[in-house]
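98 is the number that the working numbering gives to position 85 of the sequence shown; each next residue is one higher, with no gaps. Quick reminder that beta carbons are idealized off the backbone N, C-alpha and C, glycines included. Here's the structure we're looking at; comments come further down.
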Amino acid sequence: MPKYVIEREIPNAGNLTTEQLKDISKISCGVLSKMGPEIQWNHSYVTGDKIYCVYIAPNEEMVREHASKGGFPANKVSLVSGIIDPTTAE
Numbered sequence: 014m015p016k017y018v019i020e021r022e023i024p025n026a027g028n029l030t031t032e033q034l035k036d037i038s039k040i041s042c043g044v045l046s047k048m049g050p051e052i053q054w055n056h057s058y059v060t061g062d063k064i065y066c067v068y069i070a071p072n073e074e075m076v077r078e079h080a081s082k083g084g085f086p087a088n089k090v091s092l093v094s095g096i097i098d099p100t101t102a103e
């Protein structure tokens, strides 16, 4: 199944409290449970003013639907074409 990286512009995301991040996560998981098993949240990276989320979904439209239903921005959605790591150099 395709994997996507979602760039979410959220001012001061890096300053969100643990409780705020927990609340955001609960909203996301609630939307996901209603959408069914086709879309899955893998993990997210929180930076200064953005959150980068990794999702597995059949298409970009489903990723954007999740964002819309959860009230999250999805400023850029990119299809992952490959993954590299240090073992790629071997």
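Practice prompt. For alanine 102, count neighbouring Cβ atoms within 10 angstroms of its own Cβ and tell me buried if that reaches 16, exposed if not.
Written response: On the sequence shown, position 89 is the one that residue 102 refers to. Looking at its Cβ environment, which holds fewer than 16 other Cβ atoms inside 10 Å, alanine 102 is exposed.
Fill in: Which residues DSSP lists as bridging cysteine 66, in chain order
Working through the sequence shown from its first residue, we reach residue 66 at position 53. DSSP lists Ile19, Ser57 as partners of cysteine 66.
Discussion item. Measuring only the C-alpha atoms, how far is isoleucine 52 from serine 38?
Written reply: As a working mapping, residue 52 is identified with position 39 in the sequence shown. As a working mapping, residue 38 is identified with position 25 in the sequence shown. Cα-Cα distance, rounded: 15 Å.
Worksheet item: What is the DSSP secondary structure of leucine 92, counted as helix, strand or coil?
Response: Within the sequence shown, the letter at position 79 stands for residue 92. It is a strand residue.
Worksheet item: When DSSP labels each residue in this structure, what does isoleucine 40 get in the three-state scheme?
Response: Start at 1 with the first residue of the sequence shown, and residue 40 comes out as number 27. Note: isoleucine 40 maps to helix in three-state DSSP.
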